[in-house]
Amino acid sequence: MNKVGVIQGRLSPRPYPKLQEFPWRTWRKEFEHAEKIGFDFIEWIFEEKNFSENPIWNEEGRKEIRKCISETNIPIESVCADYFLEKPFFRREGYSLEENIEVLKELIKNTREIGANTILLPVLENAEIRCEEEENILSEAIYKVLPTLEEQRIHIGFETELPIEKYLKLASKFNSEYVGAYYDAGNCAACGHDMLQDMKVLGRHVISVHVKDRLNAGKSVFLGTGDTNFKEGIPYLIKNGYTGNFVLQTYFEDDYIGAAAEGLQYIRRIIRVNEMKFLFVGLGGIGQRHLRNLVQLRGEKDEIYAYRVRRAGFVLDNKLNVISEAGLEDKYKIKTLNNLDEAEKLDIDCVFICNPTSLHMDVLLWAAQNNLHIFVEKPISNNDANIDKLSELIRNNGKITFVGYQNRFHPCIKKAKELISSGSIGRVVMVNAEIGENVTKWHKYEDYRQMYACKEKLGGGVILSQIHEIDYLIYFLGMPKQVYALGGKLSNLEIDVEDVASILLEYEIDGYHVPVSIQEDYLQSPPTRKCRIVGTSGKVEFDLLESYIAAYDENGKTIYEESFEFERNDMFLEEMGMFLDAVEGKKEDGLITIEEGLKSLKVALAAKQSLQTGKIVEL
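Here it is in structure tokens:
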């Protein structure tokens, strides 16, 4: 598991005039800050100025270091040997090569004594290699300390701004596991390097990584705002077997503690692209579908936890058939939890909320308060309580949110959106959508009377359960002006929610009042899911179950027609891929965010209200 640490001085007020130096007055306090923020370790600074007084250089000082480590559980894992910036091996004025070698040997031993395992050896600035002769002198020194490195099991990593081919030559020439590259991502970016390309070259020779962001040929900036290609470079490095550390060098500002905390989270988000912790709240039919797709897209490298696992003794396939009596815990290596309090201690990255609709909001608020990425099944809730609170939390935490409206990824919906937006049928003047399906045949693994869709207290009823139609109509046309609904519990089904609804939405399009109707029921066999959109110069019709769409001009001539080879799970795979891409920092285009999902919820709740009151509800 990759660890994230911080170099000394970045948890203290900025030194002056030098940007990086040993924090003489505050080094003990930095252990406490590192513990509180959540860093895994500290990187010690050993510089030439007053080096003999540096705590790492004397026995009493090392004793005090070990005491700080013991009290905070924050170890020292590496030493930044800036000493050799001021006294490079090959530019000697008042000191000898042998003297430098002895200093390095002693530092190696002291590094081991405080529990660290890596020394950064700078080969830049005043210590930059400028000719072959200087490289040879440096190489001679390293060969002389190799036995000490191997004896103490200490690694030396060169930090340099050399062109990548020369960097590789230097890092690999000693043919030793104890000598390699200490890659400074920001410095290399400032020299015009691309981290991804550098990692492809250096690869296995990278011992540790300094994390800071810089502009190309420019200054240091906040992480994620410069030209350092972290989002591709770090995942590539880890994917190819890197298990070393990442050491934060924050861009200084007055709020140095806050900057360090933000930097830590930034690094961890990128690291966890490769190894993440997912929590499923609810593992019934839809939860299991998302679980299968998650594992299909990411493999089995992640930790998966679950709370509220429905009958863990069976596994469902994509058609909701019971295919195994083996437990989900065994098949997917899931760790089950008894409550969400347990999850707070696990450093979860993402939560999938797949429990009954009425239970969504409590989990949503918990997830938003704990700064998790959120995937929630539709609808977001069965009422409007705490919606404003949720929206505020989501806006402030900057995490990815996604609502499971998988029908947006149906090829017919995509094509219909394209045809409407392009003006192929003119201005929309009327829409009729229809969905009907016998609820007793939905789930082969459970009695329909126990389904959340059939229970009022769980957020059931045809309007909320079939909210997909409302969503894609908003996707096509935006928000309606008012809602009117008729229907209710009209069948002999043993349920306590409406099983039939006719919803009329009034839209204002280019100054015209446009009727948009949705017919829904829990009764039809065989099922139906169709839509007709009429415009001033043509119409679009599609059948989601048949995966067929056609468009006609004003004379009824077919202008477009297509049947898609399509599996229902394709929609779920695509939405999962979009969500994961956003979480991994690749792209966020097209996300169905919680703010987007709240629009369809608002319309659905208005329809429920109209059904109950018999009145038009304004939006």
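If you're matching positions, the sequence shown starts at 124 in our numbering and goes up one per residue.
Even for Gly, the Cβ is constructed at its ideal location relative to N, Cα and C.
- In the three-state reduction of the DSSP assignment, tyrosine 379 falls in the helix class.
- The beta carbons of lysine 578 and valine 639 sit no closer together than 8 Å.
- In the structure shown, the three-state DSSP call for lysine 710 is coil.
- Across the set Tyr607, Val246 and Val129, the C-alpha of Val246 shows the shortest separation from the C-alpha of isoleucine 279.
- Under the rule that a run must span 3 or more residues, the beta strand (DSSP E) segments found entirely inside the region 481-542 read 496-499 and 524-526.
- At the C-beta level, glutamate 282 and leucine 325 stay beyond 8 Å of one another.
- With contacts defined by Cβ atoms closer than 8 Å, lysine 722 and methionine 602 form a contacting pair.
- Secondary structure of serine 262 (DSSP, three-state): helix.
- Selection Arg421, Cys477 and Lys468 evaluated against tyrosine 455 yields Arg421 as nearest (Cα-Cα).
- Judged by DSSP in its simplified three-state form, asparagine 368 adopts strand.
- The continuous alpha helix (DSSP H) containing histidine 591 extends over residues 591-600.
- Secondary structure at histidine 413: helix, using DSSP grouped into helix, strand and coil.
- When secondary structure is reduced to three states using DSSP, methionine 694 falls in the helix class.
- Closest by C-alpha distance to alanine 313, out of Ala304, Val334 and Lys342, is Lys342.
- Per DSSP, reduced to three states, the secondary structure at alanine 705 is helical.
- In the three-state reduction of the DSSP assignment, leucine 346 falls in the coil class, being assigned neither a helical nor a strand state.
- Beyond the five residues adjoining it in sequence on each side, leucine 387 comes within less than 7 Å, by CB distance, of Val127, Ile160, Gly161, Phe162 and Leu371 in the same chain, given in chain order.
- From the listed residues Ala727, Pro211 and Glu274, the smallest Cα separation to serine 504 is found for Ala727.
- Setting aside the 5 residues that flank it on each side, glutamate 187 is surrounded in the same chain by Pro178, each with a C-beta closer than 7 Å to its C-beta; the list follows chain order.
- As summarised for the region 267-324, the continuous beta strand (DSSP E) elements at least 3 residues long and confined to that stretch are 278-283 and 302-307, given in chain order.
- Between asparagine 240 and arginine 189, the C-beta gap is not smaller than 8 Å, which leaves the two residues out of contact.
- Counting only the Cα atoms, phenylalanine 695 lies some 29 Å from glycine 546.
- One alpha carbon belongs to valine 552, the other to valine 657, and they sit about 6 Å apart.
- Around the C-beta of serine 686, fewer than 16 other C-beta atoms lie within 10 Å, and the residue is accordingly described as exposed.
- Taking one beta carbon from each stretch, the region 189-201 and the region 217-229 have fewer than 3 pairs nearer than 8 Å; the two do not touch.
- Nearest neighbour of proline 479 by Cα position, chosen from Asp472, Gly407, Gln419 and Gly303, turns out to be Gly407.
- Judged by DSSP in its simplified three-state form, glutamine 605 adopts strand.
- Its chain contains Gln131, Leu134, Ser135, Pro146 and Ile165 as the residues whose beta carbon lies nearer than 7 Å to that of glutamate 153, once the 5 sequence neighbours on both sides are disregarded; these appear in chain order.
- Nearest to leucine 360 by alpha-carbon distance, out of Leu460, Asp378 and Ile394, is Ile394.
- With respect to the C-alpha of glutamate 707, the residue from Phe353, Phe297, Pro270 and Ile260 having the closest C-alpha is Phe353.
- With contact defined as three or more Cβ pairs closer than 8 Å, the region 627-634 and the region 524-543 are not in contact.
- Counting the other Cβ atoms within 10 Å of the Cβ of glycine 559 gives 16 or more, which makes it buried.
- Distance from the CA of tyrosine 671 to the CA of lysine 540, rounded to the nearest whole angstrom, comes to 14 Å.
- Setting aside the 5 residues that flank it on each side, valine 554 is surrounded in the same chain by Val639 and Ile656, each with a C-beta closer than 6 Å to its C-beta; the list follows chain order.
- Residue pairing from DSSP places serine 201 in a beta bridge opposite Glu166 and Thr241.
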